[in-house]
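Asks: Got a structure for you, written out below as structure tokens; questions coming shortly.
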Amino acid sequence: MSKTAVVFRSKYGASKAYSLILGKRIPAVVIENEGLTPHLVEEFDTIILVGGVYAGKITGIDFLKKYADDFSSKRIAVFAVGASPVSDDTIDSIKKRNLKGKLETVPLFYGRGALDEEQLSFMDKNLLSVVRRSAEKTKPEKRSDLEKIILETAGSADWMDESYLEPLIEFISQA
Ligand SMILES: Cc1cc2nc3c(=O)[nH]c(=O)nc-3n(C[C@H](O)[C@H](O)[C@H](O)COP(=O)(O)O)c2cc1C
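Take any residue in the sequence shown, count from 1 to its spot, add 1: that is its number in our numbering.
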């Protein structure tokens, strides 16, 4: 029987919450990405990376990049969690930014997370205000989806929905 590991990296809990659901639904072993080595996931034949999107980059993607050769015989998938609405543009831009070179053929799935400004670290609060200020200066018709969301979201928002996981679960079940 195929053994699956869900490896996650989550700054504020959204990717962790999706990973725990995935662990139950697939079922899979759920592992925090921090300090992970290929040796620790040797026994698994499928690895799913789940990570939040920050300024376009999926947290934890470096782990897959670094060990792409070690994982060449495994089935790999990525589930990215972000604030941007689901659209082909969102998924294409996350793909272009994160799945290059050896990771080009890795399937990418996407679901919306949550944003609670009170929880954010000093750095993340600053980064978010930079994006917000730049969005304010951009003409409304030229704003990106993410800029629109950030202007609409004052304080906190929760867009999480278990149904975002269905395409990934379907993909995994077609082993
Ligand atoms: C500083 C900052 C930058 C972000 N950049 C993006 C982004 O580029 N694209 C996006 O879709 N979401 C972005 N987000 C939203 C996060 O991806 C979202 O909050 C997600 O739920 C975080 O997952 P985590 O809690 O597992 O880390 C950003 C959030 C913060 C705080």
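For each residue, glycine too, the CB sits at the ideal point set by N, CA and C.
1) In whole angstroms, what separates the C-alpha of Leu21 from that of Val51?
2) Take Lys126 as the anchor and find which of Tyr55, Ile92, Pro141, Ser73 has the nearest alpha-carbon.
3) Identify, in the order they occur along the chain, each residue of the same chain with its Cβ nearer than 8 Å to the Cβ of Ser94, setting aside the five sequence neighbours on each side.
4) Please classify Ser157: is it buried, with 16 or more other beta-carbons within 10 angstroms of its beta-carbon, or exposed?
5) Closer than 7 Å by C-beta to Val87: which residues in its own chain qualify, once you throw out the five before and the five after it? Chain order, please.
6) If you draw a straight line from the alpha carbon of Ser85 to that of Lys138, how long is it in whole angstroms?
7) Taking buried to mean at least 16 other C-beta atoms within 10 Å of its own C-beta, is Met23 buried or exposed?
8) Leaving aside the five residues before and after Asp117 along the sequence, list all residues of the same chain whose C-beta is less than 6 Å from its C-beta, in chain order.
Replies: With the given structure in hand:
1) Numbered from 1 along the sequence shown, position 20 holds the residue referred to as residue 21. Numbered from 1 along the sequence shown, position 50 holds the residue referred to as residue 51. Between Leu21 and Val51, the C-alpha separation is close to 10 Å.
2) For the purposes of this step, residue 126 is taken as the residue at position 125 of the sequence shown. Of Tyr55, Ile92, Pro141, Ser73, the residue nearest in Cα terms is Tyr55.
3) Against the sequence shown, residue 94 aligns to sequence position 93. If we look at Ser94 and ignore the five residues flanking it on each side, its Cβ neighbours are Gly57.
4) One-based indexing of the sequence shown puts residue 157 at position 156. It is exposed - the Cβ of Ser157 has fewer than 16 other Cβ atoms within 10 Å.
5) Mapped onto the sequence shown, residue 87 falls at position 86. The residues are Tyr111, Arg113.
6) The count along the sequence shown starts at 1 and reaches residue 85 at position 84. The count along the sequence shown starts at 1 and reaches residue 138 at position 137. Roughly 19 Å between the two C-alpha positions.
7) As a position in the sequence shown, residue 23 is number 22, starting the count at 1. The question names Met, yet the displayed sequence has Leu at residue 23. With 16 or more Cβ atoms within 10 Å of its Cβ, Leu23 is classed as buried.
8) By 1-based counting over the sequence shown, the position of residue 117 is 116. Excluding sequence neighbours, Asp117 sits near Ser157.
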